[in-house]
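Engineer: These protein sequence lines map, in sequence, to chains X and D. Using this note's numbering, read the first sequence as starting at 4 and increasing by one per residue. Using this note's numbering, read the second sequence as starting at 565 and increasing by one per residue. All residues carry an ideal CB built from backbone N, CA and C; glycine is no exception.
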Amino acid sequence: MRRIFTGGGTMIGISKLKNFIGVQVSRNQQLSYLGRTLYKYRWLYIMMLPGIAYFILFRYLPLWNAQIAFKDFKPLLGVWESPWAGFKHFTTFFNSFYFTQLIGNTVIISLLKLVLGMPMAIILAICIYETAFKRLARFVQTISYLPHFLSWVIMFGILLVMLSPSEGLVNEAIKASGGQPIAFLYSPEWFRAVVIGSDIWKDTGWGTILYLAALMAIDPTLFEAAAVDGASRMQRIWHISLPGILSTIVVVTLLRLGNILDAGFTQIFMLYSLPVYSVGDILDTWVYRQGILEFQFSLATAVGFFKGVIGLALVLTANRLTKQFAGSGIYS
Amino acid sequence: MRTLTKSWDDIFFQFLVNSFLVVLLVAILIPMWRVFVQSVTPLHYIDTKTLGLWLDPRMWSFEAYKQLLSHPAFVRATTNSLIITLGGTAVNMALTVPFAYALSNPDLPGRKFFITMALIPFLFSAGLIPTYLVVQKLDLIDTYWAVILPGGIGIYNMLIMKSFFEGLPEELKEAARLDGANEVQVLWHVVLPLSKPILLTVGLWYAVGHWNEFFNAILYLNDSDLQPLTILLRNILLAANINEYVEYDAFSSAPVSAFRAASVFLTMLPIIIIYPRVQQYFTKGTLLGGVKQ
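1. Is the beta carbon of Ala-710/D closer than 8 Å to that of Leu-797/D?
2. Taking the alpha carbon of Ala-803/D as the reference point, which residue from Ile-724/D, Leu-790/D, Phe-823/D and Ala-818/D has its own alpha carbon closest?
3. Check whether the segment 640-659 of chain D touches the segment 703-719 of chain D, counting contact only when three or more Cβ pairs, one atom from each stretch, lie closer than 8 Å.
4. What does DSSP give as the partner residue(s) for Lys-74/X in the beta ladder?
5. Could you tell me the distance, in whole angstroms, from the CA atom of Leu-768/D to the CA atom of Phe-73/X?
6. By Cβ distance below 7 Å, which residues in the same chain neighbour Pro-86/X in space, the five residues on each side in sequence not counted?
7. Considering Lys-760/D, what are the terminal residues of the alpha helix (DSSP H) in which it resides?
8. Could you please give the first and the last residue of the uninterrupted alpha helix (DSSP H) stretch that includes Glu-192/X?
9. Along the chain, where does the alpha helix (DSSP H) containing Leu-52/X start, and where does it finish?
10. Measure from the alpha carbon of Tyr-148/X to the alpha carbon of each residue in Gly-208/X, Tyr-101/X, Leu-115/X and Glu-170/X, then state which is nearest.
11. List, in chain order, every chain D residue whose beta-carbon is nearer than 7 Å to that of Asn-108/X.
12. Beta-carbon within less than 7 Å of Ala-914/D's beta-carbon, same chain only, minus the 5 sequence neighbours each way: which residues are those?
13. Do Gly-715/D and Gly-307/X have their CB atoms nearer than 8 Å?
14. Measure the C-alpha to C-alpha separation of Tyr-189/X and Ile-762/D and round it to an integer number of angstroms.
15. Kindly indicate which three-state DSSP category Asn-262/X falls into: helix, strand or coil?
16. Check whether the segment 148-165 of chain X and the segment 268-284 of chain X are in contact - that is, three or more C-beta pairs closer than 8 Å.
17. By the three-class DSSP mapping on this structure, what secondary structure does Pro-278/X have?
18. Using only CA atoms, which one of Gly-674/D, Val-590/D, Asn-582/D and Gln-843/D lies nearest to Leu-2/X?
19. When you compare the CB of Met-623/D with every CB in chain X, is at least one pair closer than 8 Å?
20. State yes or no: is the beta carbon of Met-51/X nearer than 8 Å to at least one beta carbon in chain D?
21. Rounding to the nearest angstrom, what Cα-Cα distance links Met-14/X and Gln-33/X in this structure?
22. Is the CB-CB distance between Tyr-57/X and Ile-717/D below 8 Å?
23. Looking at Phe-678/D: is its Cβ nearer than 8 Å to the Cβ of Leu-667/D?
24. Just tell me which of Val-842/D, Tyr-720/D and Val-699/D has its CA closest to the CA of Asn-656/D.
25. Would you list, in chain order, the members of the segment 780-805 of chain D that have their beta-carbon closer than 7 Å to a beta-carbon of chain X?
26. Does the Cβ of Ile-837/D have 16 or more other Cβ atoms within 10 Å, making it buried, or fewer, making it exposed?
27. Is there a Cβ of chain D sitting closer than 8 Å to that of Tyr-334/X, yes or no?
28. Please name the residue, chosen from Asn-780/D, Leu-659/D, Gly-652/D and Glu-734/D, that lies closest to Asp-706/D on a Cα-to-Cα basis.
29. Taking all protein chains shown into account, do 16 or more other C-beta atoms lie within 10 angstroms of the C-beta of Gly-160/X, making it buried, or fewer, making it exposed?
30. Report yes or no: is there a C-beta of chain X within less than 8 Å of the C-beta of Phe-577/D?
31. Relative to the C-alpha of Met-97/X, which residue among Gly-314/X, Ala-303/X and Asn-322/X is closest?
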C-alpha cells in the first residue's frame with residue numbers, strides 16, 4: 004500500500020514536472036513564434052503606425068473625453084480631474100423643453116428627406132434607364148450629380164439668389180404676379196420646405212447611382228419576354244424594374260433609418276437663424292451652440308453622447324435587418 | 565392593331581420619361597444660371613428692371629469678378645483653400661494608403677483587431693465637444709493642421725481601398741517578395757502602379773471634402789489669415805455690411821448682389837470645371853461601396 008502510495012505520489016510529481024516543463028517549453032515556443040511572426044510582418048506594422056497614432060489621437064482620445072458627459076467639466080482641472088456628476092446633464096436635457104423640440108425636428112426633417120427624396124431618385128433612375136436618348140441620359144447624369152459636390156455654403160448662396168426677398172428669382176416672380184415677397188429662409192412656415200427642397204435638389208441625382216446599378220443588373224430578356232406577352236411599359240416597370248431594385252430600396256431605406264438622427268448638420272447650420280429655431284433646430288446644431296458658444300461642455304457632450312448611443316443602436320439594428328434581408332451586412 | 569397600340573404606348577412612355585428628364589435638367593440648371601446672370605449684372609440695370617433669367621450679353625459686366633479677384637482677402641482665402649485641399653489630401657493619402665494596404669494582407673496577425681479598432685469610432689462617434697477638446701489640447705487651434713488632421717483617415721475610404729488591394733492578384737506581390745522586396749517596396753513598386761483608379765477615387769473624395777470644408781474651419785480657425793474660401797463666402801453672404809470682410813468700392817459699377825453672386829460662382833467654379841472630367845471615378849467609388857452591401 005505504502006509503496007504504491009509513494010509511487011503514486013512520485014508519479015504525480017513527475018507528471019506535474021513534465022507538465023510544467025511542457026507548458027514552459029510550449030510557452031517559449033509560442034513566444035518565439037509570436038516574435039518571429041511579428042518580425043516577419045514588421046514592415047506592415049510600421050506602415051500602420053501613423054494610422055494607429057491617428058486613431059488613438061483623433062478617434063479614441065475623443066471617446067475618452069466623452070466621459071465629461073458624466074462630469075462637471077472644468078477646463079482648468081481637465082477631463083480626468085473634473086468631479087463626477089452622474090446623470091445630471093442627461094436629466095437636465097430630458098427634462099428641458101428643448102428635448103421634444105430637438106428630437107421632433109431632427110426626426111421629422113430626416114424622415115421627410117427620406118420619404119420625399121427617395122421616390123424622386125427612384126423615378127429619375129428609371130427615367131435615365133428607360134429613355135431612348137442615351138446622350139440625354141448621360142447629360143442628365145452629369146448635371147444632376149454635380150450639386151452633390153457643392154458645399155452647403157455655396158448652396159446657401161444659390162438659395163439666396165433664388166429665394167432672397169429683395170433680389171431672389173422666386174420673389175421676383177411673386178412680386179411680378181402682384182404678391183408680397185416671402186422671406187423663405189426666415190419664416191417658420193417655409194423653413195422646412197426649403198431644407199427638404201434644397202436637399203432634394205442637391206442629392207436626387209447622386210442618389211440614383213445605386214438604383215441605376217441595380218436596374219442595369221436586371222436580365223434584359225425579362226423585359227423582352229414581358230413585351231412579347233403584351234405588357235405595357237408601365238406594367239414592365241411595375242412588375243420587373245421595381246421588383247428588380249426592391250432589395251436596393253430596402254437596404255438604402257434601412258441605412259437611412261439607421262442614421263435618422265443625422266438630419267444634415269452643416270445644411271441646417273448654414274441655413275437656419277433665430278426666427279426658425281422652433282422648426283429647424285436639431286440635436287447637432289443645439290450641441291454646437293451649447294458647447295462652443297455657451298461653453299456648456301458637459302451638457303453638450305451628454306446630448307452628443309445620447310445621440311451617439313441611440314444612433315449606434317439604430318445602425319446596428321438596421322445592419323442586422325439588412326443582413327437578414329440581403330444575406331450580408333455592410334460592416335462585415 | 566396590337567402593334568399600333570404598343571407603339572402608341574411606347575411613344576407616350578418616351579414622352580413622359582424625356583419630359584421628366586428635361587424638367588429636372590431645367591430645375592437644376594436654372595439656379596446655377598441665375599447665379600451667373602446675377603453676378604454679371606451692372607448696377608444701372610437692377611435699378612431700373614427686374615433681373616429674371618436673361619440679360620443681354622452686351623450688358624454683361626465682369627466688374628464684380630475683377631474686384632474680387634484683385635482683392636487681398638479673396639486671394640488669401642483662395643490660397644488657404646488650396647493649401648488645405650492639397651496638403652490635406654496628401655496627409656489623407658499618406659495615412660490611408662499604408663494602413664489599408666497592411667489590412668489587405670489576410671495573414672497579418674491582429675488584422676481583425678485593427679479592423680475593429682477602425683470600425684468602433686465609425687459606429688459610435690464621441691461627438692463634437694470631445695473632439696474639440698483634443699484639438700485644443702494638442703495646441704492645433706489656429707493652424708492648418710486643425711482642419712486637416714481630425715479627418716485624417718476616412719473609414720469608408722480606407723475600407724474601399726482595402727477591398728481594392730485585396731482584389732489585386734496575389735502572385736504579383738508574391739513574386740516581388742521572392743525577389744527580396746520588403747512590403748514598402750511591394751506597395752510602392754507593385755501595388756500602387758496597379759491602383760490608379762482607387763487612388764484617384766479616394767483622393768478626389770478627400771479633395772472635394774477639403775475644398776468644401778467649412779465647419780471645422782469655423783470651429784478651429786479664428787485667425788482670418790488662415791480661413792478658407794468657404795468662410796469668406798459665408799461672411800460675404802451673411803454680412804449686413806459687406807465692407808466688414810471685403811472692401812466694397814462704393815463707386816463700383818457692380819451692385820452688392822452681383823458681388824455676392826460672383827463670390828458664389830467663383831467658389832463653385834473649380835468643381836464645375838474639374839468634376840465632369842473625373843465623374844467616372846466618383847461613381848465607381850460609390851458603386852464599390854454599393855457592391856459591398
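Structural biologist: Short version:
1. no
2. Phe-823/D
3. yes
4. Trp-87/X
5. 40 Å
6. Lys-74 and Asp-75
7. 760-776
8. From DSSP, Glu-192/X is part of no alpha helix (DSSP H); its letter is neither H nor E.
9. 45-58
10. Gly-208/X
11. Result: empty, since nearest Cβ-Cβ is about 18 Å, beyond 7 Å.
12. The question about residue 914/D has no answer here: the residues shown for chain D are numbered 565 through 857.
13. no
14. 43 Å
15. coil
16. yes
17. helix
18. The structure shown has nothing for residue 2/X, since chain X only spans 4 to 335.
19. no
20. yes
21. With a pLDDT of 44 at Met-14/X, under the threshold of 50, the modelled position of that residue is not reliable, and no figure is offered here.
22. yes
23. yes
24. Tyr-720/D
25. Leu-783, Thr-794, Leu-797, Arg-798 and Leu-801
26. exposed
27. Any reading at Tyr-334/X must be qualified, since the residue scores a pLDDT of 47, below 50, and its modelled position is unreliable; the value itself is stated next. At least one chain D Cβ lies under 8 Å of Tyr-334/X.
28. Asn-780/D
29. buried
30. yes
31. What sits at residue 97/X in the sequence shown is Phe, not Met. Closest by alpha carbon: Ala-303/X.
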